[in-house]
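Just so you know, we're using the numbering used here here: the sequence shown kicks off at 8 and counts up by one.
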Amino acid sequence: MPAEDAERHTQLLRGALDMCLLALLAAEPSHGYELVRRVEAAGFGAVSYGTVYPLLTRMRRLGLVTDEQQASPSGPPRKVYALTAPGRARLDAWQRQWTRFAGTVAAVLAISDTSPRS
Numbered sequence: 008m009p010a011e012d013a014e015r016h017t018q019l020l021r022g023a024l025d026m027c028l029l030a031l032l033a034a035e036p037s038h039g040y041e042l043v044r045r046v047e048a049a050g051f052g053a054v055s056y057g058t059v060y061p062l063l064t065r066m067r068r069l070g071l072v073t074d075e076q077q078a079s080p081s082g083p084p085r086k087v088y089a090l091t092a093p094g095r096a097r098l099d100a101w102q103r104q105w106t107r108f109a110g111t112v113a114a115v116l117a118i119s120d121t122s123p124r125s
C-alpha cells in the first residue's frame, strides 16, 4: 500500500476503531488480544495493541466498558472487557451517526460516477 493510502487508512481506522471495539463487545465480552484479532479478521489490517489498549482504558474511564481479571488456561490472568449500558447507548448513537456520515460520503462519491471523464 502506498504511503499516502496507508496514512488515509490510519486516519479512517482512528475515527472508527472505538466504535468497532464497542460493537465487538456488544456481541460478547472479550480480552484485548481477542479484540485485536477480531478487528484484524474483519479486514482492518494490522492493528497494534498500543492503539487498542489505550482506547479500552479510556472507554473504561468513561464508563463505556468494564474490565475484570479472569484466569487464563495458559499464562497470566486476562483482563476481559464487557460493554456497559452507557456503552451500549454510546454505540447506538455512534452507529446512527456513522450511517448518516457513510450515506453522505457515498452520495458525494456517486457524483463522480456520473460525471464525464476527461
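We put the beta carbon where it would ideally sit given N, CA and C, even for glycine.
For the beta strand (DSSP E) that contains residue i, what are its first and last residues?
i: Glu41; result: Unbroken run through Glu41 is the alpha helix (DSSP H), Gly39 to Val46; no beta strand (DSSP E).
i: Thr73; result: Val72 to Gln77
i: Leu90; result: Arg85 to Leu90
Please return the same chain residues whose Cβ sits closer than 6 Å to the Cβ of residue i, not counting the five positions on each side in sequence.
i: Glu75; result: Val87
Any idea if residue i is buried or exposed, counting beta-carbon neighbours within 10 angstroms, 16 or more meaning buried?
i: Ser37; result: buried
i: Val46; result: buried
i: Val112; result: exposed
i: Val54; result: buried
i: Leu42; result: buried
i: Arg103; result: exposed
Beta carbon of residue i, beta carbon of residue j: below 7 Å?
i: Pro93; j: Leu71; result: yes
i: Ala89; j: Thr106; result: no
i: Gly82; j: Tyr60; result: no
Excluding sequence positions up to five away, which residues of its chain have a Cβ less than 7 Å from the Cβ of residue i?
i: His25; result: At residue 25 the sequence reads Asp, which differs from the His that was named. Counting only Cβ-Cβ distances below 7 Å, and skipping sequence neighbours, we find Leu62 and Met66.
i: Thr91; result: Gly70, Leu71, Val72 and Thr73
In its own chain, which residues sit with a C-beta less than 8 Å from the C-beta of residue i, not counting the 5 before and 5 after it?
i: Gly110; result: none
For the alpha helix (DSSP H) that contains residue i, what are its first and last residues?
i: Pro80; result: Looking at the DSSP string, Pro80 is not in any alpha helix (DSSP H), and its letter there is neither H nor E.
i: Pro61; result: Tyr56 to Arg68
Does the distance between the C-beta of residue i and the nearest non-hydrogen atom of the ligand FAD fall short of 6 Å?
i: His38; result: This structure does not include the ligand FAD; it has no bound ligands of any sort.
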